[in-house]
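Note that our numbering gives residue 133 to position 133 of the sequence shown, counting from 1, and the numbers run on in steps of one.
Read through the structure below, which is laid out as structure tokens, and then see the notes.
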Amino acid sequence: MGKQSILEINDLKVSFYSGKKLVPAVHGISFSLKDGEILGIVGESGSGKSVTSLATMGLIPCPPGKIENGEIFFEGKDLTTLSEKEWRKVRGNQISMIFQEPMTSLNPLFTIGNQLMEGIRLHTDLSKTEAKARCVELLRLVGIPRAEEILKEYPHQLSGGMRQRVMIAMAMACKPKILIADEPTTALDVTIQAQILALMKDLNEKTNTSIILITHDLGVVAEICERVIVMYSGQIVEQGDVRTILKNPQHPYTKGLLKSVPDLRGKKDRLYSIPGNVPIPGSILQGCRFAARCSEVFGKCLEEAPELYKSENDGHEVRCFLNIDKERSDEHVRVTS
Numbered sequence: 001m002g003k004q005s006i007l008e009i010n011d012l013k014v015s016f017y018s019g020k021k022l023v024p025a026v027h028g029i030s031f032s033l034k035d036g037e038i039l040g041i042v043g044e045s046g047s048g049k050s051v052t053s054l055a056t057m058g059l060i061p062c063p064p065g066k067i068e069n070g071e072i073f074f075e076g077k078d079l080t081t082l083s084e085k086e087w088r089k090v091r092g093n094q095i096s097m098i099f100q101e102p103m104t105s106l107n108p109l110f111t112i113g114n115q116l117m118e119g120i121r122l123h124t125d126l127s128k129t130e131a132k133a134r135c136v137e138l139l140r141l142v143g144i145p146r147a148e149e150i151l152k153e154y155p156h157q158l159s160g161g162m163r164q165r166v167m168i169a170m171a172m173a174c175k176p177k178i179l180i181a182d183e184p185t186t187a188l189d190v191t192i193q194a195q196i197l198a199l200m201k202d203l204n205e206k207t208n209t210s211i212i213l214i215t216h217d218l219g220v221v222a223e224i225c226e227r228v229i230v231m232y233s234g235q236i237v238e239q240g241d242v243r244t245i246l247k248n249p250q251h252p253y254t255k256g257l258l259k260s261v262p263d264l265r266g267k268k269d270r271l272y273s274i275p276g277n278v279p280i281p282g283s284i285l286q287g288c289r290f291a292a293r294c295s296e297v298f299g300k301c302l303e304e305a306p307e308l309y310k311s312e313n314d315g316h317e318v319r320c321f322l323n324i325d326k327e328r329s330d331e332h333v334r335v336t337s
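This is how it looks when you write it as structure tokens:
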């Protein structure tokens, strides 16, 4: 029996005001997160990954941001209809987020203990003594030694890796059902990155918490994710099972991302990079958004915008005319033969 979906996002469109004009940052995003699943969202800076996660947390600043369209269902309830008071019961309690920069997320004026206890006291009925004991338990859970002493220290007294562990402990404080991790290993050295990823995988297995991991690193996705969504210019261009996509990518953008990963087995004079840059939101009004950077572009790509096509074979979804035409050609061959 398949796992139940705990989160469903349908046709999400998030825009930001630029002067009097609304510019779409995320356009038509739809995906689901299953109970206990680790889902990866990959793409370059500016592809809409963080905006999608902030919308899921109800943290889009309004103004200048606005959810123009779409539904975000958590356990059957549409989060886009919640008031700010209702959001406070969900945010940090049932859905938590690890932000990209722990030093800017932690308040430098308060001790680690104060900041950890705040969320626990807000969302639970624990006494001050019980909340402190829970803080010590959480710090030990995320692999921080001398937990009692750390509670009395300030963020600047900890290393980057330790601060990131504190952020994970804060996110896990109220035993959320969904954990959103936005680039949790950015700016950390390779050894600490591996420890943080192992910690998240361990927490997922022990608590059955569903995780959305946002990253630009396909190596990280290969390490711990079950499914992956590839985003480009505010749209999903490919999604499916991690092994399928890593072994047989269908979209030229995904192929380019995989080609950009350094291969330690062979020496190259120059690392591959996808030519050009992610387009400015709202600048492409016609054709495929990746066409200007694509090595396989043809006439139709410049005139029409491809839909997200779902393969009947394995549920793999790709936004590319090449894939759609190939699938239809294969189907025609099967029917006529």
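Virtual Cβ for every residue (Gly too), placed ideally from N, Cα, C.
Taking the C-beta atoms as reference points, Asn10 is found nearer than 7 Å to Ser30. Under the 8 Å Cβ criterion, the segment 152 to 171 does not count as touching the segment 59 to 72, having fewer than three qualifying pairs.
Per the Cβ contact rule, the segment 253 to 267 is in contact with the segment 223 to 238 (3 or more Cβ pairs under 8 Å). Counting along the chain, no beta strand (DSSP E) covers Glu303; the unbroken alpha helix (DSSP H) around it starts and ends at Gly299 to Glu303.
The residue among Glu8, Tyr17, Val26 and Leu22 with its C-alpha nearest the C-alpha of Met231 is Val26. Pairwise C-beta distances place the segment 90 to 103 in contact with the segment 69 to 81, as three or more of them are shorter than 8 Å. With contacts defined by Cβ atoms closer than 7 Å, Arg293 and Pro306 do not form a contacting pair. By the CB criterion at 7 Å, Ala173 and Ile120 fall inside the cutoff.
Beta bridge pairing from DSSP links Ser15 with Pro24 and Lys66. Among the bridge pairs identified by DSSP, Lys310 is matched with Glu317. Following the DSSP letters along the chain, one finds Gln235 inside the beta strand (DSSP E) bounded by residues Gln235 to Asp241. In the three-state reduction of the DSSP assignment, Gly160 falls in the helix class. Gln250 is classed as buried because its beta carbon has at least 16 other beta carbons within 10 Å across all chains shown. Between Val221 and Val228 the beta-carbon gap is near 5 Å, inside 8 Å, which marks them as a contact.
In the three-state reduction of the DSSP assignment, Ala181 falls in the strand class. Residue burial annotation: Gln4 is exposed, with fewer than 16 other C-beta atoms found within 10 angstroms of its C-beta. Scanning the segment 229 to 292 from its first residue to its last, the whole alpha helix (DSSP H) runs of 4-plus residues come out as 242 to 247 and 252 to 259.
Taking C-alpha positions only, Ser210 is separated from Ser96 by approximately 11 Å.
The C-beta distance from Val42 to His216 rounds to 7 Å, short enough to meet the 8 Å contact threshold. A Cβ-Cβ contact shorter than 7 Å links Ser53 with Asp182. A distance below 7 Å between beta-carbons, with the five flanking residues on each side excluded, links Leu139 to the following residues of its chain, in chain order: Ala147, Ile150 and Ala169.
Apart from sequence neighbours up to five positions away, the residues of its chain that approach Ile324 with a beta-carbon distance below 6 Å are Tyr309, ordered along the chain.
Ranked by Cα distance from Glu304, the first of Asp314, Phe290, Glu317 and Gly315 is Phe290. Collapsing the DSSP output to three states places Arg88 in a helix. Within the same chain, Cβ atoms closer than 8 Å to the Cβ of Glu317 are found at Ile236, Glu238, Gln239, Gly240, Leu308, Tyr309, Lys310 and Ser311, the five residues on either side in sequence being excluded.
Annotated as proximal: Glu44 and Val278, with beta-carbon spacing under 7 Å.
Contact between Ile178 and Ile6 holds: their C-beta atoms lie close to 6 Å from each other, under 8 Å.
Judged by beta-carbon spacing, Cys225 lies within the 7 Å limit of Gly40, meaning their Cβ atoms are closer than that value.
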